[in-house]
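Residue numbers for the first sequence follow this note's numbering, beginning at 200 and rising by one.
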Amino acid sequence: MLEVNKIEEQQERIKESLKKRNWSATKIALVDEAIDLNHRRKDLQTEVDQKKSELNNLSKEIGNLFKSGKKEEANELRSKVSDLKADADEKEAEMNQVINLLEDALLSIPNTLHESVPAGSSEEDNEVYKDYEGILPNMGDQALPHWELAEKYNLIDFKLGALITGSGFPLFRGKGSRLQRALITYFLDEAAKAGFEEIVPPLLVNEETARATGQLPDKEGQMYHVTEDNLYLIPTAEVPITNILRGQILEETDFPIKLTGYTPCFRREAGSYGADVKGLNRVHQFDKVEIVQIEHPDRSYDTLHQMVEHVEGLLKSLELPYRILRLCGGDTGFTSALTYDFEVYSAAQKRWLEVSSVSNFETFQSNRLKLRYKDNEGKKRLAHTLNGSALALARIIACILENNQNETGIKMPAVLVDYLGFERI
RNA sequence: GGAGGAGUGGCAGAGCUGGUUGAAUGCACCGGUCUUGAAAACCGGCGUGCGUUAACGCGUACCGGGGGUUCGAAUCCCUCCUCCUCCGCCA
Numbered sequence: 200m201l202e203v204n205k206i207e208e209q210q211e212r213i214k215e216s217l218k219k220r221n222w223s224a225t226k227i228a229l230v231d232e233a234i235d236l237n238h239r240r241k242d243l244q245t246e247v248d249q250k251k252s253e254l255n256n257l258s259k260e261i262g263n264l265f266k267s268g269k270k271e272e273a274n275e276l277r278s279k280v281s282d283l284k285a286d287a288d289e290k291e292a293e294m295n296q297v298i299n300l301l302e303d304a305l306l307s308i309p310n311t312l313h314e315s316v317p318a319g320s321s322e323e324d325n326e327v328y329k330d331y332e333g334i335l336p337n338m339g340d341q342a343l344p345h346w347e348l349a350e351k352y353n354l355i356d357f358k359l360g361a362l363i364t365g366s367g368f369p370l371f372r373g374k375g376s377r378l379q380r381a382l383i384t385y386f387l388d389e390a391a392k393a394g395f396e397e398i399v400p401p402l403l404v405n406e407e408t409a410r411a412t413g414q415l416p417d418k419e420g421q422m423y424h425v426t427e428d429n430l431y432l433i434p435t436a437e438v439p440i441t442n443i444l445r446g447q448i449l450e451e452t453d454f455p456i457k458l459t460g461y462t463p464c465f466r467r468e469a470g471s472y473g474a475d476v477k478g479l480n481r482v483h484q485f486d487k488v489e490i491v492q493i494e495h496p497d498r499s500y501d502t503l504h505q506m507v508e509h510v511e512g513l514l515k516s517l518e519l520p521y522r523i524l525r526l527c528g529g530d531t532g533f534t535s536a537l538t539y540d541f542e543v544y545s546a547a548q549k550r551w552l553e554v555s556s557v558s559n560f561e562t563f564q565s566n567r568l569k570l571r572y573k574d575n576e577g578k579k580r581l582a583h584t585l586n587g588s589a590l591a592l593a594r595i596i597a598c599i600l601e602n603n604q605n606e607t608g609i610k611m612p613a614v615l616v617d618y619l620g621f622e623r624i
């Protein structure tokens with residue numbers, strides 16, 4: 200959520216950013232509405248405070264009168280105060296109404312984009328920030344897509360997953376599960392080497408937590424909701440891990456805070472269909488190692504690029520063809536100011552699959568989180584939050600299987616061999 | 001799940017027969033005096049949000065969250081959450 204004061208100060212910049220996100224003029228008017236509501240809120244606040252002040256003074260007077268035994272006078276004043284009170288209550292109710300409207304308006308305005316974000320409406324307009332440097336593998340027509348390889352070598356059973364739960368819940372087995380576990384451990388080890396503290400967070404979160412990182416209300420329908428207890432299954436480890444810092448006031452020397460965690464991620468993915476959801480391309484449950492950083496505003500973009508490098512290092516070590524995209528305005532997430540996506544080339548499907556998304560949220564999350572730090576002058580300021588997948592497993596597995604296959608089996612990336620205990624499937 | 005107890009400022013800990021209590025006191029912290037320096041001692045300061053102000057400041061709200069009673073609530077009532085103790089159940 201953007202800070203109200205910032206909206207007023209930077210309204211032109213914010214409106215430009217909304218245009219980049221492909222917002223219509225009528226929707227952009229929301230910014231003016233928010234500013235207007237904020238003015239009304241301030242006016243009402245002043246009025247309410249005044250009335251309350253009056254009320255407080257009279258109440259004190261009544262107290263004093265009682266104390267000094269002037270009961271009649273006290274009672275007389277008491278009846279007079281009632282009207283004033285009703286008046287103040289009414290104004291306060293009005294103010295609360297305005298606050299709610301303002302809140303709604305603020306919640307529906309996405310983060311302000313970084314200046315480097317290209318304009319555009321959909322993924323077609325994303326900028327290739329770093330293209331693949333080699334020649335894309337050509338496996339020929341006999342190459343099998345990963346779901347066929349998975350069946351051939353008994354690695355993943357999609358039918359069993361569907362039987363037990365439903366489609367989009369793959370069941371890994373044998374060397375398939377082993378590969379899964381090897382990747383998780385490898386990614387966590389690499390994150391640890393890069394200085395990230397490992398976290399095992401809860402997989403269900405409450406409403407407040409989901410709100411603080413911006414999943415609510417924006418992605419309400421994307422999360423599985425346990426209504427009985429009003430808890431949500433996490434769509435990413437970002438949610439519980441970033442919330443670790445909720446409400447904290449940091450010292451400048453605490454930066455950077457680097458956290459990582461492996462969790463399964465649950466996503467309803469309502470509305471997806473076709474080739475997009477075939478095999479591991481898009482599933483309701485997948486595993487992911489997430490990296491989260493809390494940074495000083497002056498350094499958050501350097502940090503973003505370090506995180507990009509970290510992810511890049513992982514993909515290089517796995518010997519997968521990858522490219523990096525800078526997301527355009529229309530494709531950048533609601534909460535993000537700048538997002539880099541990583542895609543790996545799935546050689547049998549002959550398509551790029553997204554495996555990581557690295558974002559700087561600037562103060563958009565920390566405003567909701569109330570995550571601040573004391574600057575040199577002792578003033579409290581909002582910190583910047585960042586996160587990235589490092590990495591999301593399902594599609595990585597799809598690519599490893601497809602890209603490394605030949606007639607006799609599938610070769611495992613060298614960095615995984617020690618974790619796996621075998622070189623080939 | 002059942003019974004009981006508790007949640008107050010960075011921490012500890014008063015207040016809880018409703019009325020200068022935003023909150024005693026101690027510790028911690030910051031500034032000063034003293035000292036060659038430090039410690040001790042002494043003096044002063046020391047929460048946050050919102051509104052207002054050029055600023056000093058002033059107003060308002062906040063004593064786990066929400067709601068209620070009252071002219072007035074940290075103090076009374078309801079409800080939810082969390083923690084502790086005991087019982088039950090259980091990986």
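Ideal Cβ placement from N, Cα and C applies to all residues, glycine included. Model, not experiment: these values are computed from the prediction.
In the structure shown, residue 526 falls within a coil segment according to DSSP collapsed to helix, strand and coil. Using a 10 angstroms sphere on the CB of residue 334, the tally of other CB atoms stays under 16, which defines it as exposed. By the CB criterion at 8 Å, residue 582 and residue 494 fall inside the cutoff.
Taking all protein chains in view, the Cβ of residue 416 is surrounded by fewer than 16 other Cβ atoms within 10 Å, so the residue is classified as exposed. The closest CA to that of residue 543, considering only 529, 531, 564 and 518, is found on 518.
Taking the Cα positions, residue 570 is about 46 Å away from residue 276. Counting along the chain, the unbroken beta strand (DSSP E) around residue 560 starts and ends at 550-561. By the Cβ neighbour-count rule, residue 345 is buried, with 16 or more other Cβ atoms within 10 Å of its own.
Note on geometry: alpha-carbon atoms of residue 584 and residue 330 lie some 27 Å from one another. Note that the segment 496-506 does not touch the segment 282-290; fewer than 3 beta-carbon pairs, one per stretch, sit closer than 8 Å.
Contact between residue 397 and residue 459 is confirmed by a C-beta separation of about 6 Å, below the 8 Å threshold. Counting the other Cβ atoms within 10 Å of the Cβ of residue 274 gives fewer than 16, which makes it exposed. The criterion of a C-beta distance shorter than 8 Å is satisfied by residue 216 and residue 312.
For residue 431, the enclosing beta strand (DSSP E) has its first and last residue at 430-432. Residue 618 and residue 595 have their C-alpha atoms roughly 16 Å apart. Shown here for residue 393: same chain residues with a beta carbon closer than 6 Å to its own, the five before and five after excluded, namely 509 in chain order. With a 10 Å radius around the Cβ and a threshold of 16 neighbouring Cβ atoms, residue 514 comes out buried. Residue burial annotation: residue 605 is exposed, with fewer than 16 other C-beta atoms found within 10 angstroms of its C-beta. Relative to residue 281, the option among 294, 302 and 257 whose CA is nearest is 257. Its chain contains 614, 615 and 618 as the residues whose beta carbon lies nearer than 7 Å to that of residue 385, once the 5 sequence neighbours on both sides are disregarded; these appear in chain order.
Non-local C-beta neighbours of residue 377 in its own chain, meaning closer than 7 Å and more than five positions away in sequence, comprise 619, ordered along the chain. Three or more Cβ pairs closer than 8 Å define a contact, and the segment 522-535 meets that threshold against the segment 317-326. For residue 540, the enclosing beta strand (DSSP E) stretches over residues 537-545. By the 16-neighbour rule on beta-carbons within 10 angstroms, residue 426 is exposed. For residue 265, the enclosing alpha helix (DSSP H) starts and ends at 224-266. For residue 530, the closest alpha carbon among the candidates 316, 234, 230 and 262 is that of 316.
Boundaries of the alpha helix (DSSP H) harbouring residue 392: 374-392, taken from the DSSP string. Counting only runs of 4 or more residues that sit fully inside the segment 319-351, the alpha helix (DSSP H) segments are 345-351, in chain order. Our two residues, residue 202 and residue 444, have alpha carbons roughly 19 Å apart in a direct line.
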